[in-house]
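Colleague: I'd like to ask some things about the structure below.
In the working numbering, the protein residues as written are 117 to 308.
See below:
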């Protein structure tokens, strides 16, 4: 597990744990009973609860285990798939901004959503689905399932964000990106 743990730690350090905050906040907010306004308030508070800690574990432990399994088979492929995971993470975030609606007018997602509206949406979709391909091609047929997992995880993020928060936010986008990396690595490691 050391190889997977080291790779996951390296990615988190390079990204500055920026989207880990979204995982923590979304995990806490999803545990709240109440309406979307109450959940959005929890997204913004500075406290960390058991929902956030649980979400961190559920997102990062499987990613580290999948990466370790990949590294045992081929360290080079594991590195390629880790890059694919990072690109796919950003792809899912791009899809959420292209097809989501901000939960609040003050959301950090507003300028991105506005920029990606209209005729830019098909380009965003194409970019999101094609960008990880060069790094996933070594997976062969599993690569198709891996790309599909990116799209499905983004759709899942949009659905949960809409129902729980009334739309997307920076935290829900970041959490979906982190979850996407995990799902992609699990899919790729399942056939390694």
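Glycine included, each C-beta is placed from N, C-alpha and C at the ideal position. Quick caveat, the model's predicted, so the values are computed rather than measured.
State buried or exposed for residue 173, treating a residue as buried only when at least 16 other CB atoms are found within 10 Å of its CB.
Modeller: The residue is exposed, with fewer than 16 neighbouring Cβ atoms inside 10 Å.
Colleague: Could you give the distance in angstroms between the alpha-carbon of residue 270 and the alpha-carbon of residue 225?
Modeller: Each residue's alpha carbon lies about 15 Å from the other.
Colleague: Pairs of beta-carbons, one from the region 270–280 and one from the region 288–295, closer than 8 Å: are there three or more?
Modeller: Output reads yes: the region 288–295 touches the region 270–280.
Colleague: Rounded to a whole number of angstroms, what is the C-alpha to C-alpha distance between residue 220 and residue 147?
Modeller: Each residue's Cα considered, the two are about 20 Å apart.
Colleague: Taking residue 187 and residue 194 to be in contact with their CB atoms under 8 Å, please state how far apart those CB atoms are, rounded to whole angstroms.
Modeller: Indeed they touch by this definition, with Cβ atoms about 4 Å apart.
Colleague: For the alpha helix (DSSP H) that residue 169 lies in, which residues bound it at each end?
Modeller: Here the alpha helix (DSSP H) through residue 169 covers 166–189.
Colleague: Tell me which residues share the same chain as residue 212 and place their Cβ nearer than 7 Å to its Cβ, disregarding the 5 neighbours each side in the sequence.
Modeller: 270, 273, 274, 284, 289 and 292.
Colleague: So, with DSSP's three-state summary, where would you put residue 227?
Modeller: Helix, per DSSP.
Colleague: Excluding five sequence neighbours on each side, which residues of the same chain lie with their C-beta closer than 8 Å to the C-beta of residue 307?
Modeller: Taken in chain order, the residues that qualify are 255 and 258.
Colleague: Give me the residue from 159, 149 and 227 with the minimum Cα distance to residue 137.
Modeller: Measuring from the Cα of residue 137, the nearest candidate turns out to be 159.
Colleague: Measuring CB to CB, does residue 151 end up less than 9 Å from residue 167?
Modeller: No.
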